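Remarks on the structure that follows.
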Amino acid sequence: MLKCKDLLKGFEYECISGSTDTMVSEVVNDSRNITKDCLFICITGANFDGHSAAAQAVENGAGVLVVSKDVELPKEKPVTVIKVEDTRYAMAFISANYFGNPADSMKIIGVTGTKGKTTTTYLVKYILENAGYKVGLVGTIETIIGDKVIPASNTTPESFVLQQYFKEMKDIGCDAVVIEASSQGFKMHRTQGFTFDYGIFTNIEPDHIGPNEHADFAEYLDCKAMLFRQCKVGIVNRDDQHWEKIVKNHTCELETYGFDAQADLRASDLKLVTGAGFLGIDFKVSGLVNMEIETDIPGKFSAYNALTAIAICRHFGVKEENIKKALLGAKVKGRIEMVKVSDDFTLMIDYAHNAMALESLLTTLKEYNPNRLVCLFGCGGNRSKLRRYEMGEVSGKLADLTIITSDNPRFEEPQDIIDDIKTGIGKTDGKYIEICDRKEAIKYAITHGQKGDIIVLAGKGHEDYQEIKGVKYPMDERVLIHEILEEINSQVIDNMEE
27 MLKCKDLLKG
37 FEYECISGST
47 DTMVSEVVND
57 SRNITKDCLF
67 ICITGANFDG
77 HSAAAQAVEN
87 GAGVLVVSKD
97 VELPKEKPVT
107 VIKVEDTRYA
117 MAFISANYFG
127 NPADSMKIIG
137 VTGTKGKTTT
147 TYLVKYILEN
157 AGYKVGLVGT
167 IETIIGDKVI
177 PASNTTPESF
187 VLQQYFKEMK
197 DIGCDAVVIE
207 ASSQGFKMHR
217 TQGFTFDYGI
227 FTNIEPDHIG
237 PNEHADFAEY
247 LDCKAMLFRQ
257 CKVGIVNRDD
267 QHWEKIVKNH
277 TCELETYGFD
287 AQADLRASDL
297 KLVTGAGFLG
307 IDFKVSGLVN
317 MEIETDIPGK
327 FSAYNALTAI
337 AICRHFGVKE
347 ENIKKALLGA
357 KVKGRIEMVK
367 VSDDFTLMID
377 YAHNAMALES
387 LLTTLKEYNP
397 NRLVCLFGCG
407 GNRSKLRRYE
417 MGEVSGKLAD
427 LTIITSDNPR
437 FEEPQDIIDD
447 IKTGIGKTDG
457 KYIEICDRKE
467 AIKYAITHGQ
477 KGDIIVLAGK
487 GHEDYQEIKG
497 VKYPMDERVL
507 IHEILEEINS
517 QVIDNMEE
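Under the working numbering, think of the first position of the sequence shown as 27, with each following residue one higher.
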């Protein structure tokens, strides 16, 4: 049991009834989970307002309510009511206090940006762990706490859940935590209640603008910029055209990185590297750190991701040879993930599932001058048809061959989605074939691969399922590739025996 007032540190509030000396059994933000003597935070969500459940919460035994609006309560059951300006903001501090402010015991790294967050967080984790640190990760794909892996529902979880993760990470001895800090996370105050030791900005482009997201690009940018008023050291990509707006009202120390000659940490002399079944880059780093880097992840944006990771890890005293070794062997699941199937051509899996991401990926891969650029993809059902047209058009323009297949059809017919993609490709003179079954489509791509080809399996990335009519069926492209190679080898052996 904790005293209510011990949970209310770090933000302004008014006790409008009862006493802050009230003892609290636990903190709850879901009206379905009320327990005796709990503190219930009334959160206003997109579909439900917790304030409407305040009276029932008291009936069910809640001892303290945290509200931002007036609520009607049963008079026969006295209760402590704490009024705040914003209950989400208050929840972040209450949660941190409830779990004992675990972030204070670790180095917290926050990475924000439109692209590059996921890859950067895994690179940082990989480098630091290779240098002997124990690192927790919170991101788009999953949360990693030691051997425990929790699939993600939000890029940045609700503040209560985030603080719970921090507590678990602290308890198993984590030295550092690297977090994908989303614009929605800042807007919803999920990252309040603690201070980031390092805040990193990768880049920004118009995204996440619309209902229940951001009103416009200005709001999206302002939310990203909040990181630099919540961190001790800010590390910023100077090459991004909006970087000065991002740091305009910063309250932290600032460092910059990029290819810009004025950046504190600079990349230069970028070279594309091609090997047997893999692609990579080589570049020089100078300024705050001086070294040459090679990594088996292709494209200039991979140089940015690696440079971002270096900018962070240098603060942890990681030796140059450890950084170089880690970046050379680093792999991020579903992010330009090379899967070796042949010395003759390169095959990779990538999460690119909208036109912007697909265009960026295919444009990068064309720089390697492949014999053919082959793009295999589908689109999700019950989502915007515009995305299908746009992705079809992008692939039609940039790929030498597009293999249209199924992704997550959900409650739509896969063929209807394929027909929409064909509408987009129809605006170009790009060649395409359609193979609805994704495994058969991948098998076609592998068995028809030519020397010097680059083959991209786009859209699924880290996902290990296919969603059909409300059911998620197991489907991991890595497993499919393994099965296909076994089938091919088995056929070869059968033919030899005949």
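Cβ atoms here follow ideal geometry from the backbone N, Cα and C, with glycine treated the same way. None of the values given here were measured: they were computed from a predicted structure.
- prompt: Cα separation between Glu168 and Ala329?
  reply: 24 Å
field: In chain order, each alpha helix (DSSP H) run of at least 4 residues that lies wholly inside the stretch 272-360
entry: 326-339, 346-355
Pair within 8 Å by beta-carbon distance, Ala157 and Phe304: no
task: Give the straight-line distance between the Cα atoms of Thr46 and Trp269, rounded to the nearest whole angstrom.
output: 44 Å
message: Which of the three DSSP states is assigned to Gly36 in this structure?
response: coil
message: Can you look up Asn86 in the DSSP assignment and give me helix, strand or coil?
response: coil
field: DSSP three-state assignment for Ser43, whether helix, strand or coil
entry: strand
query: Between the C-alpha atoms of Glu385 and Leu424, what's the straight-line distance to the nearest angstrom?
result: 8 Å
query: Pro177 bridges to which residues according to DSSP?
result: Glu168
message: Nearest by alpha-carbon distance to Glu513: which of Ala302, Thr473, Ile429 is it?
response: Thr473
task: For Tyr152, count neighbouring Cβ atoms within 10 angstroms of its own Cβ and tell me buried if that reaches 16, exposed if not.
output: buried
task: Note down the Cα distance separating Glu40 from Phe186, rounded to an integer number of angstroms.
output: 21 Å
- prompt: Under the rule that 16 or more other beta-carbon atoms within 10 Å means buried, what is Glu419, buried or exposed?
  reply: buried
- prompt: Thinking C-beta only, is Leu506 closer than 8 Å to Ile461?
  reply: no
task: On the DSSP bridge assignment, give the partners of Leu562 in chain order.
output: With the chain represented from 27 up to 524, any question about residue 562 goes unanswered, as that position is not in the structure.
task: Would you mind stating whether Cys249 and Ser312 have Cβ atoms separated by less than 8 Å?
output: no
query: Cβ of Gly284 within 8 Å of Cβ of Asp308?
result: no
message: If the criterion is Cβ atoms closer than 8 Å, does the pair Val37 and Phe119 meet it?
response: The displayed chain sequence assigns Phe, not Val, to residue 37. Yes. Within cutoff.
message: Using DSSP's beta-bridge definition, name the partner residues of Ile459.
response: Ile429
query: For the stretch 360-421, which segments carrying the beta strand (DSSP E) assignment without a break, of at least 3 residues, lie completely within its bounds, in sequence order?
result: 372-376, 399-403
query: Does the distance from the C-beta atom of Ser526 to that of Gly76 stay below 8 Å?
result: Since the displayed the chain opens at 27 and closes at 524, residue 526 lies outside it and no answer follows.
Option nearest Pro183 by Cα separation, candidates Glu439, Val93, Gly211, Lys345: Gly211
Coil, strand or helix - Leu99 by DSSP: coil
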